[in-house]
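Everything below concerns the one structure shown next.
Numbering (UniProt numbering), first residue to last: 1 to 351.
The structure is reproduced here in C-alpha coordinates:
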(Lines of atoms letter the chains of each structure in order from A and count residues from 1; the text may use other names and numbers.)
(Lines give C-alpha, C1' and ligand atoms only; values in the text may rest on other atoms or scores of the structure.)
Protein backbone atom coordinates (compact mmCIF):
# COMPACT_ATOMS: atom_id res chain seq x y z
CA UNK A 1 0.00 0.00 0.00
CA UNK A 2 1.44 3.43 -0.94
CA UNK A 3 2.60 5.70 1.86
CA UNK A 4 0.10 8.40 0.89
CA UNK A 5 -2.76 5.99 1.60
CA UNK A 6 -1.35 5.16 5.03
CA UNK A 7 -1.12 8.88 5.77
CA UNK A 8 -4.70 9.41 4.62
CA UNK A 9 -6.08 6.57 6.74
CA UNK A 10 -4.14 7.56 9.87
CA UNK A 11 -5.14 11.20 9.40
CA UNK A 12 -8.77 10.12 9.08
CA UNK A 13 -8.46 8.16 12.33
CA UNK A 14 -7.13 11.22 14.10
CA UNK A 15 -9.72 13.51 12.53
CA UNK A 16 -12.65 11.26 13.45
CA UNK A 17 -11.54 10.89 17.06
CA UNK A 18 -10.89 14.63 17.39
CA UNK A 19 -14.32 15.39 15.90
CA UNK A 20 -15.96 13.17 18.53
CA UNK A 21 -13.91 14.79 21.30
CA UNK A 22 -15.01 18.29 20.28
CA UNK A 23 -18.67 17.43 19.69
CA UNK A 24 -21.53 18.61 21.84
CA UNK A 25 -24.15 17.44 19.32
CA UNK A 26 -24.95 13.79 18.76
CA UNK A 27 -24.86 14.00 14.96
CA UNK A 28 -21.30 15.38 14.83
CA UNK A 29 -20.20 12.76 17.37
CA UNK A 30 -21.84 10.09 15.20
CA UNK A 31 -19.95 11.42 12.16
CA UNK A 32 -16.66 11.14 14.07
CA UNK A 33 -17.38 7.55 15.05
CA UNK A 34 -18.22 6.64 11.46
CA UNK A 35 -15.05 8.30 10.19
CA UNK A 36 -12.83 6.30 12.54
CA UNK A 37 -14.63 3.06 11.60
CA UNK A 38 -14.26 3.64 7.85
CA UNK A 39 -10.61 4.69 8.23
CA UNK A 40 -9.49 1.51 9.99
CA UNK A 41 -11.23 -0.93 7.64
CA UNK A 42 -8.58 -0.69 4.84
CA UNK A 43 -5.83 -1.12 7.43
CA UNK A 44 -7.51 -4.30 8.68
CA UNK A 45 -7.93 -5.80 5.19
CA UNK A 46 -4.59 -4.73 3.72
CA UNK A 47 -2.95 -8.19 3.84
CA UNK A 48 -5.56 -9.87 1.59
CA UNK A 49 -5.70 -12.92 3.85
CA UNK A 50 -8.96 -14.82 4.49
CA UNK A 51 -8.63 -14.27 8.25
CA UNK A 52 -8.08 -10.55 7.71
CA UNK A 53 -11.09 -10.30 5.39
CA UNK A 54 -13.23 -12.21 7.89
CA UNK A 55 -12.11 -9.97 10.75
CA UNK A 56 -12.81 -6.84 8.68
CA UNK A 57 -16.31 -8.04 7.79
CA UNK A 58 -17.12 -8.91 11.41
CA UNK A 59 -15.82 -5.55 12.61
CA UNK A 60 -17.87 -3.68 10.00
CA UNK A 61 -21.09 -5.49 10.92
CA UNK A 62 -20.56 -5.02 14.68
CA UNK A 63 -19.70 -1.33 14.38
CA UNK A 64 -22.59 -0.69 11.98
CA UNK A 65 -25.00 -2.34 14.42
CA UNK A 66 -23.63 -0.29 17.33
CA UNK A 67 -23.78 2.93 15.33
CA UNK A 68 -27.36 2.25 14.24
CA UNK A 69 -28.36 1.55 17.83
CA UNK A 70 -26.66 4.75 19.00
CA UNK A 71 -28.38 6.77 16.28
CA UNK A 72 -31.74 5.30 17.27
CA UNK A 73 -31.07 6.24 20.92
CA UNK A 74 -30.25 9.83 19.99
CA UNK A 75 -33.35 10.11 17.80
CA UNK A 76 -35.49 8.77 20.64
CA UNK A 77 -34.00 11.28 23.08
CA UNK A 78 -34.43 14.11 20.59
CA UNK A 79 -38.07 13.16 20.02
CA UNK A 80 -38.92 12.92 23.74
CA UNK A 81 -36.69 15.59 25.27
CA UNK A 82 -36.48 17.89 22.22
CA UNK A 83 -32.69 18.09 22.54
CA UNK A 84 -29.75 16.70 20.54
CA UNK A 85 -27.09 17.77 23.03
CA UNK A 86 -24.89 15.01 24.42
CA UNK A 87 -24.97 16.42 27.95
CA UNK A 88 -28.78 16.66 27.94
CA UNK A 89 -29.65 13.02 27.30
CA UNK A 90 -32.18 12.34 30.08
CA UNK A 91 -34.61 9.77 28.72
CA UNK A 92 -33.90 6.46 30.55
CA UNK A 93 -34.66 4.29 27.51
CA UNK A 94 -32.41 6.40 25.30
CA UNK A 95 -29.66 6.27 27.93
CA UNK A 96 -29.86 2.49 28.15
CA UNK A 97 -29.73 2.10 24.37
CA UNK A 98 -26.81 4.53 24.08
CA UNK A 99 -24.98 2.71 26.84
CA UNK A 100 -25.50 -0.63 25.08
CA UNK A 101 -24.25 0.82 21.79
CA UNK A 102 -21.10 2.27 23.36
CA UNK A 103 -20.49 -0.98 25.25
CA UNK A 104 -20.71 -2.85 21.95
CA UNK A 105 -18.24 -0.46 20.34
CA UNK A 106 -15.81 -0.70 23.25
CA UNK A 107 -16.07 -4.49 23.56
CA UNK A 108 -17.48 -4.48 27.09
CA UNK A 109 -19.18 -7.58 28.46
CA UNK A 110 -21.62 -9.05 27.61
CA UNK A 111 -20.98 -7.53 24.15
CA UNK A 112 -17.30 -8.50 24.05
CA UNK A 113 -17.30 -11.81 22.16
CA UNK A 114 -16.56 -10.18 18.80
CA UNK A 115 -13.31 -8.57 19.97
CA UNK A 116 -11.07 -11.68 20.36
CA UNK A 117 -12.23 -13.10 17.02
CA UNK A 118 -11.59 -9.83 15.20
CA UNK A 119 -8.24 -9.33 16.92
CA UNK A 120 -7.09 -12.80 15.93
CA UNK A 121 -7.38 -11.95 12.22
CA UNK A 122 -5.34 -8.74 12.37
CA UNK A 123 -1.65 -8.01 12.27
CA UNK A 124 -0.07 -6.70 15.48
CA UNK A 125 0.09 -3.04 14.47
CA UNK A 126 -3.57 -2.88 13.46
CA UNK A 127 -4.46 -4.83 16.60
CA UNK A 128 -2.65 -2.16 18.61
CA UNK A 129 -4.74 0.57 16.97
CA UNK A 130 -7.94 -1.38 17.58
CA UNK A 131 -7.05 -1.95 21.25
CA UNK A 132 -6.02 1.63 22.01
CA UNK A 133 -6.95 4.44 19.63
CA UNK A 134 -10.35 3.06 18.66
CA UNK A 135 -11.39 3.07 22.32
CA UNK A 136 -10.93 6.81 22.78
CA UNK A 137 -13.96 8.21 20.93
CA UNK A 138 -16.60 5.85 22.42
CA UNK A 139 -15.06 6.26 25.87
CA UNK A 140 -15.28 10.05 25.56
CA UNK A 141 -19.01 9.78 24.83
CA UNK A 142 -19.42 7.33 27.69
CA UNK A 143 -17.80 9.81 30.07
CA UNK A 144 -20.23 12.55 29.02
CA UNK A 145 -23.37 10.49 29.64
CA UNK A 146 -22.11 8.49 32.63
CA UNK A 147 -23.41 10.94 35.23
CA UNK A 148 -26.96 10.45 33.96
CA UNK A 149 -26.71 6.66 33.93
CA UNK A 150 -28.01 4.51 36.81
CA UNK A 151 -25.01 3.68 39.04
CA UNK A 152 -26.09 0.05 39.36
CA UNK A 153 -25.97 -0.44 35.58
CA UNK A 154 -22.41 0.90 35.33
CA UNK A 155 -21.33 -1.23 38.27
CA UNK A 156 -22.81 -4.39 36.74
CA UNK A 157 -21.23 -3.58 33.37
CA UNK A 158 -17.80 -3.04 34.92
CA UNK A 159 -17.95 -6.17 37.08
CA UNK A 160 -19.19 -8.39 34.25
CA UNK A 161 -16.45 -7.08 31.92
CA UNK A 162 -13.66 -7.71 34.43
CA UNK A 163 -14.99 -11.16 35.43
CA UNK A 164 -15.97 -12.60 32.04
CA UNK A 165 -12.79 -11.33 30.39
CA UNK A 166 -10.70 -12.91 33.16
CA UNK A 167 -12.43 -16.29 32.66
CA UNK A 168 -12.25 -15.98 28.88
CA UNK A 169 -8.50 -15.48 28.84
CA UNK A 170 -7.64 -18.48 31.02
CA UNK A 171 -7.18 -21.17 28.36
CA UNK A 172 -6.03 -18.98 25.49
CA UNK A 173 -2.78 -19.72 23.66
CA UNK A 174 -3.05 -16.89 21.12
CA UNK A 175 -1.42 -13.69 22.32
CA UNK A 176 -3.77 -11.45 20.35
CA UNK A 177 -6.82 -13.05 21.98
CA UNK A 178 -5.20 -12.64 25.39
CA UNK A 179 -4.71 -8.94 24.67
CA UNK A 180 -8.33 -8.67 23.53
CA UNK A 181 -9.61 -10.11 26.80
CA UNK A 182 -7.17 -7.85 28.62
CA UNK A 183 -8.75 -4.87 26.86
CA UNK A 184 -12.22 -5.85 28.07
CA UNK A 185 -11.02 -6.43 31.63
CA UNK A 186 -9.19 -3.10 31.91
CA UNK A 187 -12.13 -1.19 30.46
CA UNK A 188 -14.29 -2.84 33.11
CA UNK A 189 -12.13 -1.19 35.78
CA UNK A 190 -12.56 2.18 34.06
CA UNK A 191 -16.34 1.80 33.70
CA UNK A 192 -16.94 0.86 37.32
CA UNK A 193 -15.19 4.02 38.58
CA UNK A 194 -16.35 6.47 35.89
CA UNK A 195 -19.50 7.40 37.84
CA UNK A 196 -17.51 8.48 40.92
CA UNK A 197 -14.28 9.86 39.46
CA UNK A 198 -14.13 10.54 35.71
CA UNK A 199 -10.55 11.73 36.02
CA UNK A 200 -9.50 8.44 37.58
CA UNK A 201 -11.28 6.52 34.82
CA UNK A 202 -9.44 8.59 32.23
CA UNK A 203 -6.13 7.93 33.97
CA UNK A 204 -6.92 4.19 34.00
CA UNK A 205 -7.51 4.30 30.25
CA UNK A 206 -4.24 6.16 29.70
CA UNK A 207 -2.20 3.68 31.74
CA UNK A 208 -3.89 0.78 29.93
CA UNK A 209 -2.94 2.32 26.58
CA UNK A 210 0.70 2.67 27.68
CA UNK A 211 0.92 -0.95 28.85
CA UNK A 212 -0.86 -2.30 25.77
CA UNK A 213 1.38 -0.29 23.45
CA UNK A 214 4.50 -1.70 25.11
CA UNK A 215 3.13 -5.26 24.90
CA UNK A 216 2.15 -5.07 21.22
CA UNK A 217 5.39 -3.38 20.16
CA UNK A 218 7.42 -6.06 21.95
CA UNK A 219 5.39 -8.86 20.32
CA UNK A 220 5.85 -7.20 16.93
CA UNK A 221 9.58 -6.89 17.53
CA UNK A 222 9.82 -10.59 18.45
CA UNK A 223 7.42 -11.67 15.64
CA UNK A 224 5.41 -13.71 18.15
CA UNK A 225 1.66 -14.24 18.08
CA UNK A 226 1.35 -17.53 20.03
CA UNK A 227 2.67 -18.82 23.34
CA UNK A 228 4.44 -21.67 21.54
CA UNK A 229 6.56 -19.24 19.51
CA UNK A 230 6.80 -16.72 22.32
CA UNK A 231 8.41 -19.26 24.64
CA UNK A 232 11.23 -19.88 22.14
CA UNK A 233 12.16 -16.20 21.99
CA UNK A 234 14.08 -16.30 25.25
CA UNK A 235 17.30 -17.44 23.57
CA UNK A 236 17.01 -14.74 20.90
CA UNK A 237 16.72 -11.69 23.14
CA UNK A 238 16.55 -12.32 26.89
CA UNK A 239 16.50 -8.59 27.71
CA UNK A 240 13.36 -8.00 25.70
CA UNK A 241 11.71 -11.09 27.11
CA UNK A 242 12.38 -9.93 30.67
CA UNK A 243 10.83 -6.57 29.78
CA UNK A 244 7.84 -8.35 28.22
CA UNK A 245 7.29 -10.43 31.34
CA UNK A 246 7.34 -7.29 33.47
CA UNK A 247 4.84 -5.67 31.09
CA UNK A 248 2.51 -8.69 31.38
CA UNK A 249 2.74 -8.64 35.17
CA UNK A 250 2.02 -4.92 35.08
CA UNK A 251 -1.08 -5.62 33.01
CA UNK A 252 -2.09 -8.12 35.67
CA UNK A 253 -1.73 -5.47 38.38
CA UNK A 254 1.17 -7.00 40.30
CA UNK A 255 2.90 -4.52 42.63
CA UNK A 256 5.09 -2.51 42.33
CA UNK A 257 4.39 -2.20 38.58
CA UNK A 258 2.50 0.61 36.89
CA UNK A 259 -0.66 -1.49 36.50
CA UNK A 260 -0.91 -1.87 40.28
CA UNK A 261 -1.16 1.91 40.67
CA UNK A 262 -4.48 2.36 38.95
CA UNK A 263 -6.08 -0.70 40.57
CA UNK A 264 -5.00 0.60 43.95
CA UNK A 265 -6.53 4.02 43.33
CA UNK A 266 -9.78 2.56 41.98
CA UNK A 267 -10.16 0.25 44.97
CA UNK A 268 -9.49 3.17 47.31
CA UNK A 269 -12.21 5.22 45.62
CA UNK A 270 -14.68 2.32 45.72
CA UNK A 271 -14.15 1.86 49.45
CA UNK A 272 -14.67 5.59 49.97
CA UNK A 273 -18.06 5.18 48.27
CA UNK A 274 -18.90 2.24 50.60
CA UNK A 275 -18.94 -0.19 47.66
CA UNK A 276 -17.20 -3.01 49.47
CA UNK A 277 -18.89 -5.88 47.64
CA UNK A 278 -18.08 -4.63 44.09
CA UNK A 279 -14.51 -3.88 45.22
CA UNK A 280 -14.12 -7.45 46.53
CA UNK A 281 -15.58 -9.00 43.37
CA UNK A 282 -13.43 -6.98 41.00
CA UNK A 283 -10.30 -7.83 43.00
CA UNK A 284 -11.15 -11.53 42.68
CA UNK A 285 -11.53 -11.05 38.93
CA UNK A 286 -8.14 -9.30 38.85
CA UNK A 287 -6.58 -12.32 40.56
CA UNK A 288 -7.90 -14.57 37.80
CA UNK A 289 -6.41 -12.23 35.20
CA UNK A 290 -3.10 -12.21 37.06
CA UNK A 291 -3.09 -16.01 36.91
CA UNK A 292 -3.05 -16.23 33.13
CA UNK A 293 -0.45 -13.46 32.90
CA UNK A 294 1.70 -15.39 35.38
CA UNK A 295 1.03 -18.57 33.38
CA UNK A 296 2.30 -16.88 30.24
CA UNK A 297 5.35 -15.64 32.14
CA UNK A 298 6.04 -19.17 33.39
CA UNK A 299 5.95 -20.67 29.90
CA UNK A 300 8.19 -17.91 28.61
CA UNK A 301 11.00 -17.93 31.16
CA UNK A 302 10.97 -21.13 33.20
CA UNK A 303 9.86 -23.76 30.69
CA UNK A 304 9.04 -24.30 27.06
CA UNK A 305 5.41 -24.46 26.00
CA UNK A 306 4.17 -28.08 25.94
CA UNK A 307 4.13 -29.42 22.39
CA UNK A 308 6.29 -29.01 19.32
CA UNK A 309 6.32 -25.96 17.11
CA UNK A 310 6.71 -26.16 13.35
CA UNK A 311 7.07 -22.41 12.98
CA UNK A 312 10.38 -21.13 11.67
CA UNK A 313 12.45 -19.45 14.37
CA UNK A 314 13.97 -16.14 13.37
CA UNK A 315 17.37 -16.07 15.04
CA UNK A 316 18.40 -12.76 13.53
CA UNK A 317 16.66 -9.69 14.78
CA UNK A 318 15.08 -7.27 12.35
CA UNK A 319 16.67 -3.86 11.99
CA UNK A 320 14.16 -1.53 13.59
CA UNK A 321 14.33 2.03 12.30
CA UNK A 322 12.57 3.65 15.23
CA UNK A 323 14.31 2.43 18.37
CA UNK A 324 12.87 5.07 20.71
CA UNK A 325 9.16 4.26 21.02
CA UNK A 326 9.57 0.73 22.41
CA UNK A 327 11.95 1.65 25.30
CA UNK A 328 9.80 4.64 26.28
CA UNK A 329 6.58 2.61 26.25
CA UNK A 330 8.22 -0.25 28.16
CA UNK A 331 9.63 2.07 30.83
CA UNK A 332 6.28 3.80 31.25
CA UNK A 333 4.43 0.47 31.49
CA UNK A 334 6.69 -0.79 34.28
CA UNK A 335 8.11 2.10 36.29
CA UNK A 336 5.44 4.80 36.55
CA UNK A 337 4.57 3.98 40.18
CA UNK A 338 7.02 6.57 41.63
CA UNK A 339 5.16 9.26 39.67
CA UNK A 340 1.88 8.43 41.41
CA UNK A 341 1.79 11.69 43.47
CA UNK A 342 1.95 13.69 40.24
CA UNK A 343 -0.79 11.60 38.61
CA UNK A 344 -2.94 11.96 41.71
CA UNK A 345 -2.53 15.72 41.64
CA UNK A 346 -3.52 15.83 37.98
CA UNK A 347 -6.52 13.60 38.65
CA UNK A 348 -7.80 15.73 41.52
CA UNK A 349 -7.26 18.86 39.43
CA UNK A 350 -9.37 17.34 36.65
CA UNK A 351 -12.15 16.44 39.07
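C-beta atoms are modelled at their ideal positions from N, C-alpha and C, and glycine is treated no differently.
Same chain only: Cβ atoms within 6 Å of residue 116, ignoring 5 sequence neighbours per side = 177, 180
For my contact list, residue 145 and residue 95 are in at a C-beta cut-off of 8 Å; report their separation, rounded to the angstrom.
-> 7 Å
How many whole angstroms separate the CB atoms of residue 329 and residue 210, which I take to be in contact at a CB cut-off of 8 Å?
-> 6 Å
With respect to the alpha helix (DSSP H) encompassing residue 186, which residues constitute its N-terminal and C-terminal limits?
-> 175–193
For residue 85, which three-state DSSP category applies?
-> strand
Assign residue 226 to one of three DSSP states: helix, strand, or coil.
-> strand
What do you reckon, are the CB atoms on residue 182 and residue 245 nearer than 7 Å?
-> no
Residue closest to residue 17, alpha-carbon to alpha-carbon, out of 45, 6, 67, 138 = 138
Within 10 angstroms of the Cβ of residue 7, are there 16 or more other Cβ atoms? Answer buried if so, exposed if not.
-> It counts as exposed.
What are the partner residues of residue 25, as DSSP defines its beta bridges?
-> 85
Residue range of the alpha helix (DSSP H) that includes residue 240 = The continuous alpha helix (DSSP H) containing residue 240 extends over residues 238–252.
By Cβ distance below 7 Å, which residues in the same chain neighbour residue 60 in space, the five residues on each side in sequence not counted?
-> If we look at residue 60 and ignore the five residues flanking it on each side, its Cβ neighbours are 41.
Going along the chain, which residues of its own chain have a beta-carbon closer than 7 Å to the beta-carbon of residue 93, five neighbours each way excluded?
-> 76
Looking at the structure shown, is residue 373 part of a helix, part of a strand, or coil, going by DSSP?
-> Residue 373 lies beyond the residue range present for the chain, which begins at 1 and ends at 351; the question has no answer from this structure.
Would you identify the three-state DSSP class for residue 203, choosing helix, strand or coil?
-> helix
To which residues of the same chain is residue 39 closer than 7 Å at the C-beta, ignoring the five residues directly before and after it?
-> 9, 12, 13, 16
Apply the 10 Å Cβ neighbour rule to residue 112 and answer buried if 16 or more other Cβ atoms are within range, or exposed otherwise.
-> buried
May I ask you to report which of helix, strand or coil DSSP gives residue 91?
-> coil
So, using beta-carbon positions, are residue 120 and residue 174 closer together than 7 Å?
-> In contact: residue 120 and residue 174 (Cβ atoms closer than 7 Å).
Secondary structure of residue 221, DSSP reduced to three states | Residue 221: helix per DSSP, three-state reduction.
Could you check what DSSP says for residue 171 in three-state terms: helix, strand or coil?
-> coil
Where residue 242 falls, given that 16 or more other Cβ within 10 Å makes a residue buried = exposed
Specify the secondary structure class of residue 197 as computed by DSSP and reduced to three states.
-> coil
Output the distance between the C-alpha atoms of residue 152 and residue 275, rounded to the nearest integer angstrom.
-> 11 Å
Excluding the five sequence neighbours on either side, which residues of its own chain have a C-beta within less than 8 Å of the C-beta of residue 218, listed in chain order?
-> Cβ contact annotation for residue 218 (same chain, cutoff 8 Å, sequence separation greater than five): 240, 243, 244, 247, 326, 330, in chain order.
Could you tell me whether the Cβ atoms of residue 102 and residue 161 are closer together than 7 Å?
-> no
Return yes when the Cβ of residue 50 is within less than 7 Å of the Cβ of residue 159, no when it is not.
-> no
Nearest-angstrom Cα separation, counted from residue 37 out to residue 73 = 19 Å
Is residue 66 closer than 7 Å to residue 56 when the C-beta atoms are compared?
-> no
Just curious, the alpha helix (DSSP H) that residue 120 is in, first and last residue?
-> 114–120
What is the DSSP secondary structure of residue 275, counted as helix, strand or coil?
-> coil
Residue 80, buried or exposed, once every other Cβ within 10 Å from all chains shown has been counted against 16 = exposed
Under 7 Å, do residue 20 and residue 140 count as touching if we go by C-beta distance?
-> yes
Look at the alpha carbon of residue 192 and the alpha carbon of residue 186, and state the distance between them as a whole number of angstroms.
-> Between residue 192 and residue 186, the alpha-carbon positions lie close to 10 Å from each other.
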